[in-house]
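**Q** Residue numbers (our numbering): 18 to 59.
Starting off with a structure, shown below.
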Amino acid sequence: MSKNLGVKPYLFPMPTYMIGTYNEDDTVDVMMMAWGGICAED
Numbered sequence: 018m019s020k021n022l023g024v025k026p027y028l029f030p031m032p033t034y035m036i037g038t039y040n041e042d043d044t045v046d047v048m049m050m051a052w053g054g055i056c057a058e059d
C-alpha cells in the first residue's frame with residue numbers, strides 16, 4: 018500500500034549544497050553553497 022504525502026518540507030534542518038576542492042598540496046577545501054529545499058509542486 019502506498020500513500021501520496023504531497024510536496025511538503027519534511028526535512029528540518031534543510032539540506033545543504035556543498036562544494037569541495039583539493040588544493041595543489043592535497044588539502045581539502047569545502048564551502049557551503051546554498052540551502053536546499055522544495056521550490057515547486059510540479
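All residues carry an ideal CB built from backbone N, CA and C; glycine is no exception.
Beta strand (DSSP E) containing M35: first to last residue?
**A** 33-39 is the extent of the beta strand (DSSP E) around M35.
**Q** Counting along the chain, where does the beta strand (DSSP E) carrying M18 start and finish?
**A** That residue, M18, is in no beta strand (DSSP E); it is neither H nor E in DSSP.
**Q** Using C-beta distances below 7 Å, list every residue in its chain close to W52, excluding the 5 sequence neighbours before and after it, in chain order.
**A** M31, T33, listed in sequence order.
**Q** Can you tell me which residues form a DSSP beta bridge with M49?
**A** According to DSSP, M49 bridges with M35.
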